[in-house]
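Chemist: Shown below is the structure under consideration.
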Amino acid sequence: MTTTDSRSTKRKPAQIVDMSWDPITRIIGNLGIYTKIDFANREVVECHSTSSLFRGYSVFMKGKDPRDAGFITSRICGICGDNHTTCSNYAQQMAYGVKPPKLAEHITNLGEAAEYIFDHTIFQDNLVFVDFCEAMVKATNPGVLTRAERTDAPRGDVHGYRTIADIMKAFNPFEGEVYKEALKVSRITREMFCLMEGRHVHPSTMYPGGVGTMPQPNTFTDYLSRLMRVIDFIKKAVAMNDDVFDFFYEALPGYEEVGKRRILLGCWGAFQNPDVVDYRYANMDRWGKAMYVTPGIVVDGQLVTNNLIDINLGLRIMLGSSYYEDWVNEQPFVTHDPLGNPVDMRHPWNQTTVPVPQKRDFDGNYSWVMSPRWHHPQTGEHLALDTGGGPLARLWSTALSGLVDTPYVKAVDGGIRITLPKGEKLPETTLEWRIPKWSNTLERDRARPYFIAYAAAMALQFLEEATGMLKSGDTKVYENFEVPDEAIGCGFHEAVRGVLSHHLVIRDKKIANYHPYPPTPWNASPRDVHGIPGPYEDAVQGQPIFEENGPDDFKGVDIMRTVRSFDPCLPCGVHMYMGKGKTLTTVHSPTYGANHG
Amino acid sequence: MTTQSGTTEAKASNGFDEITILWISEGMSCDGDTVSLTAAGQPSIEDVVLGLIPGLPKVNLVNKVLSPSLGGEDFLAPYRAAARGELEPFILVIEGSIPNQNIIQGDGYWTSFGNDPETGEPQTLNSWIDQLAPRAWAVVAAGTCATFGGIHAMAGNPTGCMGLADYLGWEFKARSGLPVVNVPGCPIQPENFMETLVWVLQHAAGAAPPPPLDHMLRPQWLFGKTVHEGCDRAAYYEQADFAKDYNSPKCQVKVGCWGPVVNCNVPKRGWMAGVGGCPNVGGICIGCTMPSFPDAFMPFMDEPPGGTLSTMLVKPYGAVVRRLRGLTNDMVNHEPKWRHNKRKLTSGYDPHWRA
Numbered sequence: 001m002t003t004t005d006s007r008s009t010k011r012k013p014a015q016i017v018d019m020s021w022d023p024i025t026r027i028i029g030n031l032g033i034y035t036k037i038d039f040a041n042r043e044v045v046e047c048h049s050t051s052s053l054f055r056g057y058s059v060f061m062k063g064k065d066p067r068d069a070g071f072i073t074s075r076i077c078g079i080c081g082d083n084h085t086t087c088s089n090y091a092q093q094m095a096y097g098v099k100p101p102k103l104a105e106h107i108t109n110l111g112e113a114a115e116y117i118f119d120h121t122i123f124q125d126n127l128v129f130v131d132f133c134e135a136m137v138k139a140t141n142p143g144v145l146t147r148a149e150r151t152d153a154p155r156g157d158v159h160g161y162r163t164i165a166d167i168m169k170a171f172n173p174f175e176g177e178v179y180k181e182a183l184k185v186s187r188i189t190r191e192m193f194c195l196m197e198g199r200h201v202h203p204s205t206m207y208p209g210g211v212g213t214m215p216q217p218n219t220f221t222d223y224l225s226r227l228m229r230v231i232d233f234i235k236k237a238v239a240m241n242d243d244v245f246d247f248f249y250e251a252l253p254g255y256e257e258v259g260k261r262r263i264l265l266g267c268w269g270a271f272q273n274p275d276v277v278d279y280r281y282a283n284m285d286r287w288g289k290a291m292y293v294t295p296g297i298v299v300d301g302q303l304v305t306n307n308l309i310d311i312n313l314g315l316r317i318m319l320g321s322s323y324y325e326d327w328v329n330e331q332p333f334v335t336h337d338p339l340g341n342p343v344d345m346r347h348p349w350n351q352t353t354v355p356v357p358q359k360r361d362f363d364g365n366y367s368w369v370m371s372p373r374w375h376h377p378q379t380g381e382h383l384a385l386d387t388g389g390g391p392l393a394r395l396w397s398t399a400l401s402g403l404v405d406t407p408y409v410k411a412v413d414g415g416i417r418i419t420l421p422k423g424e425k426l427p428e429t430t431l432e433w434r435i436p437k438w439s440n441t442l443e444r445d446r447a448r449p450y451f452i453a454y455a456a457a458m459a460l461q462f463l464e465e466a467t468g469m470l471k472s473g474d475t476k477v478y479e480n481f482e483v484p485d486e487a488i489g490c491g492f493h494e495a496v497r498g499v500l501s502h503h504l505v506i507r508d509k510k511i512a513n514y515h516p517y518p519p520t521p522w523n524a525s526p527r528d529v530h531g532i533p534g535p536y537e538d539a540v541q542g543q544p545i546f547e548e549n550g551p552d553d554f555k556g557v558d559i560m561r562t563v564r565s566f567d568p569c570l571p572c573g574v575h576m577y578m579g580k581g582k583t584l585t586t587v588h589s590p591t592y593g594a595n596h597g
Numbered sequence: 001m002t003t004q005s006g007t008t009e010a011k012a013s014n015g016f017d018e019i020t021i022l023w024i025s026e027g028m029s030c031d032g033d034t035v036s037l038t039a040a041g042q043p044s045i046e047d048v049v050l051g052l053i054p055g056l057p058k059v060n061l062v063n064k065v066l067s068p069s070l071g072g073e074d075f076l077a078p079y080r081a082a083a084r085g086e087l088e089p090f091i092l093v094i095e096g097s098i099p100n101q102n103i104i105q106g107d108g109y110w111t112s113f114g115n116d117p118e119t120g121e122p123q124t125l126n127s128w129i130d131q132l133a134p135r136a137w138a139v140v141a142a143g144t145c146a147t148f149g150g151i152h153a154m155a156g157n158p159t160g161c162m163g164l165a166d167y168l169g170w171e172f173k174a175r176s177g178l179p180v181v182n183v184p185g186c187p188i189q190p191e192n193f194m195e196t197l198v199w200v201l202q203h204a205a206g207a208a209p210p211p212p213l214d215h216m217l218r219p220q221w222l223f224g225k226t227v228h229e230g231c232d233r234a235a236y237y238e239q240a241d242f243a244k245d246y247n248s249p250k251c252q253v254k255v256g257c258w259g260p261v262v263n264c265n266v267p268k269r270g271w272m273a274g275v276g277g278c279p280n281v282g283g284i285c286i287g288c289t290m291p292s293f294p295d296a297f298m299p300f301m302d303e304p305p306g307g308t309l310s311t312m313l314v315k316p317y318g319a320v321v322r323r324l325r326g327l328t329n330d331m332v333n334h335e336p337k338w339r340h341n342k343r344k345l346t347s348g349y350d351p352h353w354r355a
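Top line first, the protein sequences correspond to chains Z and S. UniProt numbering numbers the first residue of the first sequence as 1 and each following residue consecutively. UniProt numbering numbers the first residue of the second sequence as 1 and each following residue consecutively.
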């Protein structure tokens with residue numbers, strides 16, 4: 001049967017089957033997705049997302065020396081540990097009043113650029129693309145594979161594959177050409193990372209106040225020569241991904257509805273501009289807008305704000321379905337920000353984490369993840385922002401803000417233009433990412449290779465500037481500081497998969513409160529106190545099913561594609577149980593499946 | 001207790017042709033050890049899985065991050081089979097600290113791995129270990145969390161977590177007779193882990209004796225020396241030339257480095273393919289391979305308590321040695337006087353025909 005035929009007919013009596021996947025594979029951490037699927041009408045009618053891991057960073061960091069925070073918080077995540085260290089250092093630098101030397105900012109930016117290139121590559125090619133590889137498409141949509149075999153790849157001149165099916169074969173796990181090459185590229189780019197930050201995943205040379213990396217000419221030449229070895233792979237990756245995703249829209253009409261949700265994107269900004277950033281809270285709007293990825297909140301396609309102070313003040317951590325006790329009756333740590341603005345009791349600065357292990361109950365509490373939301377000052381809504389897997393929100397926010405204008409990356413009207421230099425085989429190439437029509441599964445995935453290109457292009461600029469400084473004798477990379485008796489700080493950064501903030505309160509030179517908010521709690525959050533579902537739940541709930549298998553051999557690939565498009569990574573916050581479905585109920589007038597436009 | 005080569009009762013003397021690696025990262029981990037594993041090039045994990053390393057059994061790797069399966073029961077099937085005794089032999093790899101479920105009152109859990117098929121409730125990591133460890137041919141702890149408890153087991157932690165040998169008992173022996181094989185590191189240095197795994201696999205193939213382990217069950221040849229002994233900044237220590245802040249390429253003991261007393265080979269080996277590391281590239285050693293990590297080493301950015309005395313004692317000796325070496329270095333930085341373009345050969349060459 002073809003799914004499009006069944007979709008065109010009018011609604012049939014629902015046949016609801018319970019389907020769950022726990023643990024989900026090819027992600028980092030413990031995530032479970034529990035759904036109810038209407039097989040008669042081929043759509044997901046309900047979705048719950050659950051994380052089954054609690055470790056307690058914000059508990060055991062209390063009373064520790066604040067300078068240790070970056071070393072400790074790195075261990076929150078085994079893939080983007082450096083993003084945590086960097087973000088922690090940003091927060092500490094605000095609290096200590098220290099501005100690292102410019103060269104240290106370049107070295108940090110180069111480390112982070114290498115991290116984005118590494119992590120997005122290994123995630124897209126070795127984890128996400130397995131869902132689009134020949135073996136998987138054959139098992140889920142054999143008709144689509146037949147069509148892919150007959151469809152010429154439009155960008156074959158760039159990537160070298162004749163048909164779409166040839167690309168899909170190249171993505172077969174452990175055996176496909178691209179799968180294997182991506183593992184190699186992930187090693188070269190990690191070497192680039194180690195040159196700047198010492199070790200991967202938990203960096204060794206990052207300190208509040210700067211870095212310990214020794215800036216020598218060969219430090220940067222070693223990085224540049226490796227970057228140039230992967231530059232053609234990046235151009236090919238963009239072309240291959242565009243070919244496959246365009247093909248999916250064409251081969252499966254209506255696929256744009258998969259994983260689609262209201263445009264509610266958040267980006268906290270990345271790559272500090274060393275000439276502008278001073279880490280002072282009062283100047284955060286100015287230096288935030290000078291970042292080389294512009295922070296911003298995008299609602300229904302419009303930019304609500306790109307001011308980090310507004311972004312900070314709007315943060316709210318909600319409970320509702322999480323295994324914690326509420327802190328609303330505790331004493332607040334911070335009643336006003338340094339500019340005198342009131343700080344809400346549900347803000348991370350004021351959060352107290354009290355874990356209460358309990359039974360999982362999908363009608364009650366069912367996750368170790370809390371529900372971060374952003375309070376829209378005009379509408380009063382508590383928005384369940386998502387990160388678009390990271391790149392989608394970053395590109396969207398940067399494009400709408402129109403502030404990034406560099407030799408290699410420019411925000412242009414309605415998009416981002418990225419220029420990569422000549423490589424071994426391919427000429428200088430200018431890529432243009434355009435703001436898409438939808439915030440959906442395919443567009444989240446498409447944005448990822450474009451952001452790899454973005455990070456590579458920015459790395460070229462940072463290398464030029466850093467090498468210039470070094471060769472003129474400016475080699476200072478660290479600035480000393482004193483830990484104050486009392487202080488607060490916040491760091492805003494982009495982990496690979498999206499928004500990352502660290503909020504720090506110091507009393508008596510010790511950590512009095514510390515709350516890191518990585519992207520996955522935003523994306524994987526359960527229903528909040530108002531019953532608003534988190535982004536995975538919202539994106540999966542209501543989505544159509546295109547897979548041709550029935551309940552007995554159902555693989556759930558469309559659901560998996562949606563969840564993985566967000567780049568789930570749950571050590572920072574979190575499994576799919578997948579068994580033969582149990583038929584729950586058959587109802588004649590479906591009440592589930594409200595639209596998520 | 002040290003497991004000497006050849007002393008372990010080797011039940012696999014005939015060797016296996018095929019073995020499964022059941023890797024569980026649902027300990028309290030950050031999955032950083034799995035990610036680190038993919039950075040190894042000597043050998044790479046795909047080389048091992050694809051049979052490109054001679055002398056190893058065929059390896060079936062089951063790891064959530066790398067699994068091509070769709071997840072859930074499809075992914076859990078080999079674990080369930082092993083728990084029922086229907087999948088042999090297998091190596092159990094645990095990543096992450098082991099929580100203490102006994103401190104929870106009621107039905108809650110700290111971490112789970114899939115659901116209990118009977119009850120539908122989250123199946124705790126602990127129940128998996130209880131079922132799989134007694135049946136495993138070998139048990140490997142990947143990373144400092146699984147070996148000794150690590151960061152999540154630091155003072156003030158709410159979960160009461162610990163390392164795998166703390167949980168199973170330090171006297172635990174797997175079916176091969178091997179104790180828990182501990183590969184510490186936060187995260188594992190990629191090649192250190194692959195090196196250990198390859199030796200365990202060669203042992204499984206009947207091609208090698210069991211790997212020699214020290215009293216903390218670490219591979220001796222990897223963790224027998226200290227950071228300092230492999231550090232290219234160690235000579236600065238000997239010369240009593242210490243960095244005052246992180247701008248300096250000199251020895252970092254006074255700004256927080258614990259290298260002289262930490263068992264780890266990273267400065268010598270680099271982080272991956274010889275690139276990166278810790279004190280050799282400007283990162284203080286925070287003792288992340290050690291049983292007492294992290295508490296014994298905090299605050300990280302302060303001089304280790306013992307450092308004050310030892311750096312003071314080395315001062316007079318170091319100052320003299322540095323001065324003498326400076327003189328000799330200056331001397332060897334000049335060319336001999338006979339290299340010139342004058343009209344006379346002064347090199348000392350004395351041809352017989354001149355006489």
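For glycine and all other residues, C-beta sits at the position ideal for the given N, C-alpha and C.
Check whether the Cβ atoms of Asn-440 (chain Z) and Glu-181 (chain Z) sit closer than 9 Å, and answer yes or no.
Modeler: Against a cut-off of 9 Å, the Cβ pair of Glu-181 (chain Z) and Asn-440 (chain Z) comes out as no contact.
Chemist: Spatial neighbours of Pro-436 (chain Z) within its chain, please: C-beta separation below 7 Å, excluding the five flanking residues on both sides.
Modeler: Glu-443
Chemist: Quick one: list the residues of chain S neighbouring Phe-546 (chain Z), beta-carbon separation under 7 Å, in chain order.
Modeler: Going along chain S, no residue has its Cβ under 7 Å from Phe-546 (chain Z), so there is no contact; the nearest lies around 15 Å.
Chemist: Count the CB pairs spanning the stretch 19-36 of chain Z and the stretch 123-141 of chain S that are closer than 8 Å, and state whether there are at least three.
Modeler: no
Chemist: Once DSSP output is grouped into helix, strand and coil, what is the label at Asp-116 (chain S)?
Modeler: Of the three classes helix, strand and coil, the one that applies to Asp-116 (chain S) here is coil, per DSSP.
Chemist: Run through the DSSP bridge pairs and tell me what Ala-240 (chain S) is partnered with.
Modeler: None; Ala-240 (chain S) has no bridge partner.
Chemist: So Lys-180 (chain Z) contacts chain S; which residues on that side make the cut at Cβ distance below 8 Å?
Modeler: Glu-46
Chemist: Answer with yes or no whether the minimum CB distance from Pro-122 (chain S) to chain Z is below 9 Å.
Modeler: yes
Chemist: Would you say Arg-135 (chain S) faces chain Z, with C-beta separation under 9 Å as the test?
Modeler: no
Chemist: Classify Thr-119 (chain S) as buried or exposed, calling it buried when 16 or more other Cβ atoms lie within 10 Å of its own Cβ.
Modeler: The residue is exposed, with fewer than 16 neighbouring Cβ atoms inside 10 Å.
Chemist: Give the list of continuous alpha helix (DSSP H) stretches no shorter than 4 residues that lie fully inside the stretch 463-539 of chain Z.
Modeler: 519-524
Chemist: At the level of alpha carbons, what is the spacing between Arg-322 (chain S) and Arg-233 (chain S)?
Modeler: If you draw a straight line from the Cα of Arg-322 (chain S) to the Cα of Arg-233 (chain S), it comes to about 14 Å.
Chemist: What does Asp-22 (chain Z) reach in chain B if we use C-beta pairs closer than 7 Å?
Modeler: Here the protein chains are Z and S, and chain B is not one of them.
Chemist: Quick one: residues in its chain with C-beta nearer than 6 Å to the C-beta of Ser-29 (chain S), no 5 flanking neighbours on either side, listed in chain order?
Modeler: Here the set comprises Glu-95, Gly-96, Cys-145.
Chemist: Among Z:Met-94, Z:Gly-198, Z:Phe-174, Z:Val-59, whose alpha-carbon lies nearest the alpha-carbon of Leu-110 (chain Z)?
Modeler: Z:Gly-198
Chemist: Taking three-plus beta-carbon pairs below 8 Å as touching, is the stretch 30-43 of chain S in contact with the stretch 57-70 of chain S?
Modeler: yes
Chemist: Are the C-beta of Ile-284 (chain S) and some C-beta of chain Z separated by less than 9 Å?
Modeler: yes
Chemist: Roughly how many angstroms separate the alpha carbons of Thr-163 (chain Z) and Glu-112 (chain Z), rounded to a whole number?
Modeler: Just so you know, the alpha carbons of Thr-163 (chain Z) and Glu-112 (chain Z) end up roughly 35 Å apart.
Chemist: Could you tell me whether any Cβ in chain Z is nearer than 9 Å to the Cβ of Tyr-167 (chain S)?
Modeler: No - not a single Cβ of chain Z is within 9 Å of the one on Tyr-167 (chain S).
Chemist: Assuming the contact rule is C-beta atoms closer than 8 Å, Asn-100 (chain S) and Cys-161 (chain S) should be a hit. Round their C-beta distance to whole Å, please.
Modeler: 6 Å
Chemist: Would you check if the distance between the CB atom of Pro-533 (chain Z) and the CB atom of Ala-384 (chain Z) is smaller than 9 Å?
Modeler: yes
Chemist: So with CB distances below 9 Å, who are the chain Z contacts of His-152 (chain S)?
Modeler: Neighbours of His-152 (chain S) across chain Z, judged by C-beta separation under 9 Å: Arg-55, Gly-56, Tyr-57, Phe-60, Arg-75.
Chemist: Can you tell me whether DSSP reads Thr-406 (chain Z) as helix, strand or coil?
Modeler: The three-state reading of DSSP puts Thr-406 (chain Z) in coil, since its state is none of H, G, I, E or B.
Chemist: According to DSSP, simplified to helix, strand and coil, what is Lys-36 (chain Z)?
Modeler: strand
Chemist: Contact between the stretch 313-323 of chain Z and the stretch 364-374 of chain Z is defined here as three or more beta-carbon pairs at a separation below 8 Å; is this criterion met?
Modeler: yes
Chemist: Inspect the CB distances between the stretch 411-428 of chain Z and the stretch 227-235 of chain Z and report whether three or more fall short of 8 Å.
Modeler: yes
Chemist: Going along chain Z in order, which residues have a C-beta closer than 7 Å to the C-beta of Ser-36 (chain S)?
Modeler: Val-201
Chemist: By the 9 Å beta-carbon criterion, what residues does the stretch 478-500 of chain Z contribute toward chain S?
Modeler: Tyr-478, Glu-479, Asn-480
Chemist: State yes or no: is the C-beta of Asp-538 (chain Z) within less than 9 Å of the C-beta of Arg-261 (chain Z)?
Modeler: yes
Chemist: In whole angstroms, what is the alpha-carbon distance linking Glu-547 (chain Z) and Ala-14 (chain Z)?
Modeler: 17 Å
Chemist: Does any CB atom of chain Z fall closer than 9 Å to the CB of Pro-249 (chain S)?
Modeler: Pro-249 (chain S) counts as touching chain Z.
Chemist: Alpha carbon to alpha carbon, how far is Ala-83 (chain S) from Leu-76 (chain S)?
Modeler: C-alpha separation (whole angstroms): 11 Å.
Chemist: Starting from the C-beta of Ala-204 (chain S), find all residues in its chain whose C-beta is less than 6 Å away, skip the five residues before and the five after it, and write them out in chain order.
Modeler: So the list reads Ala-12, Phe-16, Ile-19, Pro-57, once near-sequence residues are dropped.
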